[in-house]
Amino acid sequence: MTTLPEAGRPLGAPATGDGRGLDRPGAIEAAFTDADFGTVAALIHRETGILITQAKKSMLVSRLSRRLRHHGLASFSDYVTLLEGRGGQAERRALISAVTTNVTSFFREPHHFDALAALAPDLIARARSGGRVRLWSAGCSTGQEAYSIAATLLSLAPEIAQLDLRILATDIDPVVIETARAGIYDRELLGERTPESLLRVLQEGPARNLVSMAAPVRSLIRFEVLNLLEPWPFHGQFDIVFCRNVVIYFDVETRLTLWTRFATRLPEGGTLFLGHSERMDPRLDPLFSPAGVTQYRRTAVPQSDPALLPTLKNAARKAPICP
Ligand SMILES: C[S@@+](CC[C@H](N)C(=O)[O-])C[C@H]1O[C@@H](n2cnc3c(N)ncnc32)[C@H](O)[C@@H]1O
Numbered sequence: 003m004t005t006l007p008e009a010g011r012p013l014g015a016p017a018t019g020d021g022r023g024l025d026r027p028g029a030i031e032a033a034f035t036d037a038d039f040g041t042v043a044a045l046i047h048r049e050t051g052i053l054i055t056q057a058k059k060s061m062l063v064s065r066l067s068r069r070l071r072h073h074g075l076a077s078f079s080d081y082v083t084l085l086e087g088r089g090g091q092a093e094r095r096a097l098i099s100a101v102t103t104n105v106t107s108f109f110r111e112p113h114h115f116d117a118l119a120a121l122a123p124d125l126i127a128r129a130r131s132g133g134r135v136r137l138w139s140a141g142c143s144t145g146q147e148a149y150s151i152a153a154t155l156l157s158l159a160p161e162i163a164q165l166d167l168r169i170l171a172t173d174i175d176p177v178v179i180e181t182a183r184a185g186i187y188d189r190e191l192l193g194e195r196t197p198e199s200l201l202r203v204l205q206e207g208p209a210r211n212l213v214s215m216a217a218p219v220r221s222l223i224r225f226e227v228l229n230l231l232e233p234w235p236f237h238g239q240f241d242i243v244f245c246r247n248v249v250i251y252f253d254v255e256t257r258l259t260l261w262t263r264f265a266t267r268l269p270e271g272g273t274l275f276l277g278h279s280e281r282m283d284p285r286l287d288p289l290f291s292p293a294g295v296t297q298y299r300r301t302a303v304p305q306s307d308p309a310l311l312p313t314l315k316n317a318a319r320k321a322p323i324c325p
């Protein structure tokens, strides 16, 4: 078992000053052995698809040091033991929260919301004539993406909450889903040029510096915790999927699997939006064609989910979500 220098002293507590303490530059990182790093990185990859290479070791060290402090652990090998032990499930969830990057904003990559506004009239017309319309913000973080989608649609058809048009918004991290559900944000997050459509769905928050999402916009969205790599506990198609700035952290194979799964949930003509640094893999050309900036249109007939997913984790089925 590898023990950190000065075992027993909580991480971050003052060192003894003999030069051997954790305050020594690189001490914590050095105490994270390659074997422990490999175990934790493999667990993160298995559970989330997120790839943590050696180059990101110091990032992982800094995020995990907080977890070690929280548990009063003195070594990373103790932390690995905790993760792998019988009671490790709660800590594995906390680990996922610690390693996910949740950066987001309202109307991030605004051209996608212009594209959504251009696609919306057909969707709204279908909903108005009694049809079902579904959109999915997959990897929604703290909810700004889903609220921006809803604000865009509400600005075009204020009555949509009365129609069969809904947005499912999911994320692997329960902490961000709680924030998204609360729908309360710091006024500063609105930025300087808040779109009119967003201003219309905001109301005063519980404190002067806070704003809150109004009821009509909330009623359009369902927020749920969901790991995109696990079986999806719902049936049915989505007209539009936003999965932006999520696969950037995945390895190539996981990206391909996920995008292929989205293809099974998009009808022909459905749209998938990716993040600004993500590009559809040419191997999936039979399934998607470019339709704008990091915007892809579903082209061919979907194949069945299981046939496409030989490597899918056989996770326990959860209570179904009705998007
Ligand atoms: C950088 S944020 C992007 C938020 C938003 N889509 C945007 O573009 O502003 C990436 C989100 O993906 C989530 N994520 C990462 N791996 C995931 C997985 N396997 N399943 C579901 N969500 C995941 C993270 O928790 C994080 O909130």
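Residue numbers 3 to 325, in our numbering, belong to the letters of the sequence shown in order.
Where a beta carbon is used, it is the ideal one built from N, C-alpha and C, also for glycine.
Note that the structure is predicted; figures quoted are calculated from it, not measured.
At a cut-off of 4 residues, the continuous stretches assigned as alpha helix (DSSP H) that sit fully inside the stretch 114-159 are 146-158. Separation of the CB atoms of residue 213 and residue 189 is rounded to 6 Å, and the pair is thereby assigned contact status at 8 Å.
With a threshold of 16 other beta carbon atoms within 10 Å, residue 201 falls short and is exposed. Within the model, the alpha-carbon separation for residue 109 versus residue 115 is close to 7 Å. The beta carbons of residue 241 and residue 272 sit closer together than 7 Å.
In this structure, residue 38 places its C-beta atom within 7 Å of the C-beta atom of residue 79. When the beta-carbon positions are compared, residue 236 and residue 325 come within less than 7 Å of each other. Between residue 69 and residue 97, the alpha-carbon positions lie close to 8 Å from each other.
When DSSP states are grouped into helix, strand and coil, residue 164 belongs to the helix group. Taking one beta carbon from each stretch, the stretch 135-153 and the stretch 178-186 have 3 or more pairs nearer than 8 Å; the two touch. Counting of Cβ neighbours within 10 angstroms places residue 282 among the buried residues, the total reaching 16 or more. Taken in chain order, the complete beta strand (DSSP E) segments of 3 residues or longer contained in the stretch 197-229 are 204-206, 212-215, 223-227.
Taken atom to atom, the span from the alpha-carbon of residue 231 to that of residue 277 is near 18 Å. For residue 88, the three-state secondary structure derived from DSSP is coil.
Within the same chain, and ignoring the five residues on either side of residue 295 in sequence, the residues whose Cβ sits closer than 7 Å to its Cβ are 113. In this structure, the alpha-carbon of residue 168 lies about 12 Å from that of residue 243. In terms of Cα proximity to residue 45, the closest of 91, 76, 131, 64 is 91.
Residue 277 carries a coil assignment under DSSP once its states are collapsed to helix, strand and coil. Taking the Cα positions, residue 89 is about 11 Å away from residue 95. Going by beta carbons, residue 302 and residue 288 fall inside the 7 Å limit. Per DSSP, the unbroken beta strand (DSSP E) holding residue 299 starts and ends at 297-300. In the displayed model, residue 54 falls within coil according to three-state DSSP, outside both helix and strand. Annotated as distal: residue 152 and residue 248, with beta-carbon spacing of 7 Å or more. Close CB contacts of residue 286 within its chain, under the 8 Å cut and outside five residues either way in sequence, are with 258, 261, 262, 265 (chain order).
DSSP places residue 179 inside the alpha helix (DSSP H), whose first and last residues are 176-184.
For residue 64, the enclosing alpha helix (DSSP H) covers residues 59-73. Taking the Cβ atoms as the reference, residue 203 lies roughly 18 Å from residue 170, outside the contact range of under 8 Å. Each of 300, 75, 118 was checked against the Cα of residue 239, and the nearest Cα belongs to 300.
Between residue 118 and the set 275, 280, 130, the nearest pair of CA atoms involves 275.
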